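Asker:
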Amino acid sequence: MFNNGNIGFLLKVSEKFLNFNGLPESKLDSEILLSFILQIKRFELYFVRNFNLTNEQISRFEKYIIRRSNREPLVYIMESSGFMGFEFKVNRNVFIPRFETELLVDTVLKIAKTNKNNNAVLDLCTGSGCIAISLAKLGNFKNITASDINNNVLEIAKKNVKINNVSNINFIKSDIFSNMHDDKFDIIVSNPPYVSKFEYSFLDYELRYEPKLALLAQDNGLFFYKEIKNKALKHLNKNGSLLLELNANKSNIIKNMFMADDNYKNIEILNDYSGLPRILKVNVK
Ligand SMILES: C[S@@+](CC[C@H](N)C(=O)[O-])C[C@H]1O[C@@H](n2cnc3c(N)ncnc32)[C@H](O)[C@@H]1O
399 MFNNGNIGFL LKVSEKFLNF NGLPESKLDS EILLSFILQI KRFELYFVRN FNLTNEQISR
459 FEKYIIRRSN REPLVYIMES SGFMGFEFKV NRNVFIPRFE TELLVDTVLK IAKTNKNNNA
519 VLDLCTGSGC IAISLAKLGN FKNITASDIN NNVLEIAKKN VKINNVSNIN FIKSDIFSNM
579 HDDKFDIIVS NPPYVSKFEY SFLDYELRYE PKLALLAQDN GLFFYKEIKN KALKHLNKNG
639 SLLLELNANK SNIIKNMFMA DDNYKNIEIL NDYSGLPRIL KVNVK
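Quick note on numbering: the sequence shown equals residues 399 to 683 in my numbering.
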């Protein structure tokens with residue numbers, strides 16, 4: 399596709415190509431991918447516009463642009479994502495950390511600040527480990543446990559532990575709570591799969607690159623909320639906190655489920671930065 403390695407030329411042609419393929423941010427995408435290859439900041443491209451890429455760099459750029467034209471998320475192409483200001487390695491086995499989920503981390507940190515008993519935390523359905531690792535970086539917890547059902551995902555989470563230089567996280571392979579035995583926690587936090595089959599059919603094309611295991615939940619998207627509500631009781635200390643990221647379309651249904659259960663108190667929904675109901679925060683009695 400590219401018969402010339404001049405950076406200014408490559409940026410123009412790739413932008414046109416992505417635009418032709420319907421990518422709304424074609425200029426931005428081209429610049430991000432090229433600056434990633436050159437390992438420079440995006441604004442620095444301006445200063446190297448007259449330079450040439452090597453043949454190896456041209457061929458990498460071409461491959462990346464073709465992948466992007468097929469709607470593959472930039473984060474998967476670059477195998478790296480940002481969350482809470484930290485870097486996380488990702489690949490197509492792993493759910494891409496989302497900005498909305500940062501509120502979950504902020505909320506856990508706030509709870510931990512006001513209650514000195516919050517020493518043991520469980521991050522259920524950890525994925526890239528972004529929640530557990532951010533808590534380890536920013537909080538002061540004695541124990542952090544992170545679990546996921548998928549071994550490939552846990553491998554990436556362990557790599558992210560190393561990249562981020564943290565040490566106090568235990569990983570458990572577990573189908574929800576099945577391998578937690580009698581372990582007890584002061585806080586359980588989770589961003590579980592919550593997309594129903596019906597909702598999945600309307601998702602943006604890019605989301606289809608993400609693992610179905612991380613997105614889809616049976617029972618009209620409520621399976622994990624129901625399981626966690628019933629099974630977290632055994633694993634939370636008295637007055638312990640449970641924080642769940644919500645499917646914003648079902649926040650009231652999920653809240654009502656917890657209201658109808660006498661074991662829970664202080665049931666609250668927190669809105670995210672765009673005003674959508676995003677977190678359910680409850681305590682056990
Ligand atoms: C929405 S992703 C969340 C990942 C990460 N916590 C985040 O917020 O970016 C859900 C995760 O749940 C995991 N998962 C799916 N089914 C599970 C199950 N039955 N038990 C435990 N984890 C499960 C998936 O592998 C995926 O990593």
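In this text, a Cβ means the ideal position worked out from N, Cα and C, and glycines have one as well.
From a predicted model like this one, the values you see are computed outputs, not experimental measurements.
Return yes when the C-beta of residue 493 is under 7 angstroms from any heavy atom of ligand 1, and no when it is not.
Answerer: The answer is yes for residue 493.
Asker: Mapping DSSP to helix, strand and coil, what is residue 517?
Answerer: If DSSP states are grouped into helix, strand and coil, residue 517 belongs with coil.
Asker: What are the boundary residues of the beta strand (DSSP E) that residue 427 is part of?
Answerer: It is not in any beta strand (DSSP E) - residue 427 instead sits in the alpha helix (DSSP H) that spans 424-436.
Asker: What residue range is occupied by the uninterrupted beta strand (DSSP E) comprising residue 480?
Answerer: Unbroken beta strand (DSSP E) run through residue 480: 478-481.
Asker: Is residue 670 near ligand 1, going by C-beta to nearest heavy atom under 7 angstroms?
Answerer: Answer for residue 670: no, Cβ out of range of ligand 1.
Asker: Can you name the start and end residues of the alpha helix (DSSP H) that residue 650 belongs to?
Answerer: Note, residue 650: alpha helix (DSSP H), 649-657.
Asker: Kindly confirm or deny that the segment 647-666 and the segment 627-638 touch, where touching means at least three C-beta pairs closer than 8 angstroms.
Answerer: Touching, per the Cβ criterion.
Asker: If we ignore side chains and look at the alpha-carbon of each, how far apart do residue 613 and residue 511 end up?
Answerer: Going from the Cα of residue 613 to the Cα of residue 511 covers about 31 angstroms.
Asker: Three or more C-beta pairs under 8 angstroms: does that hold for the segment 628-647 against the segment 581-593?
Answerer: A contact exists between the segment 628-647 and the segment 581-593.
Asker: Tell me the residue span of the alpha helix (DSSP H) that contains residue 530.
Answerer: Note, residue 530: alpha helix (DSSP H), 528-536.
Asker: Around the Cβ of residue 623, are there at least 16 other Cβ atoms within 10 angstroms (buried) or fewer (exposed)?
Answerer: By the 10 Å Cβ count, residue 623 comes out buried.
Asker: Bridge partners of residue 475, per DSSP?
Answerer: Its beta-bridge partners do not exist; DSSP assigns none.
Asker: Going by DSSP, what residues sit across from residue 674 in a beta bridge?
Answerer: Answer is none; residue 674 lacks a bridge partner.
Asker: Quick one: is the Cβ of residue 478 within less than 7 angstroms of any heavy atom of ligand 1?
Answerer: Flag unset: Cβ of residue 478 not near ligand 1.
Asker: Across which residues does DSSP place residue 680 in a beta bridge pair?
Answerer: Beta-bridge pairing links residue 680 to 640.
Asker: Exposed or buried, residue 526, counting other C-beta atoms within 10 Å across all chains shown (16 or more means buried)?
Answerer: So residue 526 counts as buried.
Asker: Relative to the alpha-carbon of residue 596, which residue among 568, 484, 437, 616 has its alpha-carbon at the smallest distance?
Answerer: When each option's Cα is compared against that of residue 596, the closest is 616.
Asker: Give me whichever residues DSSP pairs with residue 663 in a beta bridge.
Answerer: Note: residue 663 sits in a beta bridge opposite 681.
Asker: Just to confirm, are residue 573 and residue 633 a CB contact at a threshold of 8 angstroms?
Answerer: No.
Asker: Can you list, in chain order, the residues of its chain whose CB lies under 6 angstroms from that of residue 498, leaving out five sequence neighbours each side?
Answerer: So the qualifying residues of the chain are 670, 676.
Asker: What would DSSP say about residue 563, mapped onto helix, strand or coil?
Answerer: In the structure shown, residue 563 sits in coil (DSSP, three-state: anything other than H, G, I, E or B).
Asker: May I ask you to check if the CB of residue 562 is nearer than 7 angstroms to at least one heavy atom of ligand 1?
Answerer: Checking the Cβ of residue 562 against ligand 1 gives no.
Asker: Along the chain, where does the alpha helix (DSSP H) containing residue 460 start, and where does it finish?
Answerer: From DSSP, the alpha helix (DSSP H) with residue 460 extends over 453-467.
Asker: Taking 7 angstroms as the cut-off, is the beta-carbon of residue 457 closer than that to any non-hydrogen atom of ligand 1?
Answerer: Answer for residue 457: no, Cβ out of range of ligand 1.
Asker: For a test of your reading of the model: does the CB of residue 471 fall under 7 angstroms from any non-hydrogen atom of ligand 1? Yes or no.
Answerer: Not under cutoff, so the answer is no.
Asker: Would the segment 553-569 and the segment 589-606 be scored as touching if the rule is three or more Cβ pairs under 8 angstroms?
Answerer: Result no; under three Cβ-Cβ pairs closer than 8 angstroms.
Asker: Hey, how far is the Cα of residue 401 from the Cα of residue 605?
Answerer: So the two alpha carbons sit approximately 32 angstroms from each other.
Asker: Output the distance between the C-alpha atoms of residue 571 and residue 551, rounded to the nearest integer angstrom.
Answerer: Rounded to whole angstroms, residue 571 to residue 551 spans 10 angstroms at the Cα level.
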